[in-house]
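The structure appears right after this line, and notes come after that.
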Ligand code: SF4
């Protein structure tokens, strides 16, 4: 899968790519190609002949429908809704690290942890964590996606001490429902 046009600027204006946990991004297509080649070399691998092609393939998983050569299931509206709802959590006090960790593990086992957008793959996880005070990245964040009923990035949701009442559609096993349905 690739962009409809090789010269198209992606929504948000940033090109990004991840390889085995390393992440690079740039607002320039020429620069991202150099960064991707460096990333492959750093990991002892042969750089791709066409780095922009691997960037496009990587990015298309989280691009809005119509931007790439195949449907992605994403719409511009739902990505921006998720970002806006996530942004609203940034001003809230954050939970204790042990609570964050426990919540994350509940989310990881939840069928509503929707892979519609991959924050870690797209660089949005760094955006989330950088806006949430002293929150540090933990391995479980790599597998936390979007809470389907809340339409919010899971890593932000578990970090807010009190994100509010659970929305409709949260399963009984959701940590947001503890003590709220008895
Ligand atoms: S419904 Fe609850 S447990 Fe499931 S992903 Fe959303 S916040 Fe996590």
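In this note's numbering, the protein residues as written are 81 to 262. Don't be surprised by glycine CBs; every beta carbon is placed ideally from N, CA and C.
At a Cβ-Cβ threshold of 8 Å, residue 254 and residue 224 do not count as neighbours. Partner residues in the beta bridge of residue 226, as assigned by DSSP, are 194 and 233. Following the DSSP letters along the chain, one finds residue 99 inside the beta strand (DSSP E) bounded by residues 95-99. Note: residue 240 is bridge-paired with 174 in the DSSP secondary-structure output. Here residue 250 carries a coil assignment [DSSP, helix/strand/coil]. With fewer than 16 neighbouring CB atoms inside 10 Å of its own CB, residue 125 falls in the exposed class. With contact defined as three or more Cβ pairs closer than 8 Å, the region 155-171 and the region 137-146 are in contact.
Residue range 109-122 is occupied by the alpha helix (DSSP H) that includes residue 109, with no beta strand (DSSP E) assigned at that position. The three-state reading of DSSP puts residue 105 in strand, counting E and B together.
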